[in-house]
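FYI, in the numbering used here the residues of the sequence shown are 2 to 260. I have placed the structure first, in the form of structure tokens, so that the comments after it can refer back to it.
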Amino acid sequence: MIKNNIESECIVMVNNKKNSKKIGIIVTIAIILVLAVVGIVLYFVLKPKETMVGEVKKVEVKEECPIDFTSYKSINPDVYAYVEVPGTEIAYPILQSPTDDSYYVNHTIERNEGLPGAIYTEAMNAKDFHDANTIVYGHNMRNGSMFQQLHKFEYEGFFNSNDTFYIYTPEHKYTYKIFCAACISDEHPLYKFDFYAGVPQYVAYLQSINDSYSHYKQDAAINSDSKLCTLLTCMPSGMDDKRYVVVGYLSEITDYATK
Numbered sequence: 002m003i004k005n006n007i008e009s010e011c012i013v014m015v016n017n018k019k020n021s022k023k024i025g026i027i028v029t030i031a032i033i034l035v036l037a038v039v040g041i042v043l044y045f046v047l048k049p050k051e052t053m054v055g056e057v058k059k060v061e062v063k064e065e066c067p068i069d070f071t072s073y074k075s076i077n078p079d080v081y082a083y084v085e086v087p088g089t090e091i092a093y094p095i096l097q098s099p100t101d102d103s104y105y106v107n108h109t110i111e112r113n114e115g116l117p118g119a120i121y122t123e124a125m126n127a128k129d130f131h132d133a134n135t136i137v138y139g140h141n142m143r144n145g146s147m148f149q150q151l152h153k154f155e156y157e158g159f160f161n162s163n164d165t166f167y168i169y170t171p172e173h174k175y176t177y178k179i180f181c182a183a184c185i186s187d188e189h190p191l192y193k194f195d196f197y198a199g200v201p202q203y204v205a206y207l208q209s210i211n212d213s214y215s216h217y218k219q220d221a222a223i224n225s226d227s228k229l230c231t232l233l234t235c236m237p238s239g240m241d242d243k244r245y246v247v248v249g250y251l252s253e254i255t256d257y258a259t260k
């Protein structure tokens, strides 16, 4: 009888251990499933929302714009955007004078007269970067500042490995894919080409340029509705009738959270 009782107790203990092990496995699986569900929910709640508007991707993010526009505007209220070109040291606020298109040719962001001037656009371009071609100007400074480093794109290897630049406003980040870097005539592009009809004429002109300074990507996803941004600077001394441009088409708009 004692032996049977001992065997029964042993069997119960073994069964309890087995049951405890099963319960532990079940609990572990349940925790893993709960964490997986929570992770999936958080992913879809927190991930950027993406849509397509024509050929342009629209992305909504939770964070605010990383550029401190409040500080820049306290220096000069004409600041409305910011340009950044990866692979170069180009990272500057963009200004637009409400009264004089040539003001920032020879005035700094602090409104001091003289070089290096500032990075700027003209009043014929709206400040929302929705024009067919927005032209952003900057001097070709010998010390490498302002837009001098656009000339890095003269080298085919650099052109092929650096294909993006960004324009920021307080509400958006505009991502442009670079499809051309070229030495062009000094004629004003917005007067020379009919951008009311779209961009094909300008793009065809850029594509036709064939010299050692200029490069063009044939597979660029551009159509008549594309929105372009042209970064423009001077050529070196002795080429006063020429300008150098790096041109991108708008591929993505990031909408920032507002305060």
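Note that the Cβ used here is the ideal one computed from N, Cα and C, for glycine as well.
Residues near residue i in its chain [Cβ-Cβ closer than 8 Å; skip 5 each side]
| i | result |
| --- | --- |
| Glu172 | Cys66, Asp256, Tyr257 and Thr259 |
| Glu111 | Ile76 and Asn77 |
| Glu64 | Tyr257 and Ala258 |
Residue i, buried or exposed, once every other Cβ within 10 Å from all chains shown has been counted against 16
| i | result |
| --- | --- |
| His131 | exposed |
| Thr100 | exposed |
| Tyr93 | buried |
| Pro117 | buried |
| Thr231 | buried |
| Ile68 | buried |
| His216 | buried |
Pair within 9 Å by beta-carbon distance, residue i and residue j
| i | j | result |
| --- | --- | --- |
| Tyr245 | Cys181 | no |
| Glu85 | Tyr169 | yes |
| Leu229 | Thr109 | no |
| Ile254 | Tyr175 | yes |
| Leu191 | Asn126 | yes |
Whole-Å CB distance - residue i paired with residue j, under 8 Å assumed
| i | j | result |
| --- | --- | --- |
| Asp242 | Asp164 | Rounded, the Cβ-Cβ distance is 29 Å, inconsistent with contact. |
| Ile95 | Tyr81 | 7 Å |
| Ile179 | Phe159 | Not confirmed; about 11 Å, so no contact. |
| Gln1 | Lys128 | Since the first residue of the chain shown is 2 and the last is 260, residue 1 is not available in this structure. |
Neighbourhood of residue i by C-beta, 7 Å cutoff - its chain only, sequence neighbours within 5 removed
| i | result |
| --- | --- |
| Asp195 | Gln202 |
| Gly199 | Ala133, Ser225 and Asp226 |
| Thr89 | Gln150 and Lys153 |
| Asp102 | Glu123 and Ala124 |
| Ser146 | Pro117 |
Cut-off 6 Å between Cβ atoms - residues of its own chain near residue i, not counting five sequence neighbours on either side
| i | result |
| --- | --- |
| Glu155 | Tyr214 |
| Met53 | Summary for Met53: the model assigns pLDDT 43, below 50, so the residue's position carries little reliability; its value from the coordinates is reported in the next sentence. Answer for Met53: no residue qualifies. |
Inset, instruction - Could you tell me whether the region 235-254 touches the region 207-223, where touching means 3 or more Cβ pairs closer than 8 Å? - result: yes
Inset, instruction - Evaluate contact between the region 147-167 and the region 74-81, counting only Cβ atoms and requiring at least three cross-stretch pairs below 8 Å. - result: Short answer: they don't touch.
Legend entry - Inter-stretch contact (C-beta, 8 Å, three-pair minimum) for the region 223-238 and the region 134-142: yes
Legend entry - contact_flag[the region 201-211, the region 111-122] where n(CB pairs < 8 Å) is 3 or more: Taking a cut-off of 8 Å on C-beta distances, the region 201-211 does not touch the region 111-122, as fewer than three cross pairs fall below it.
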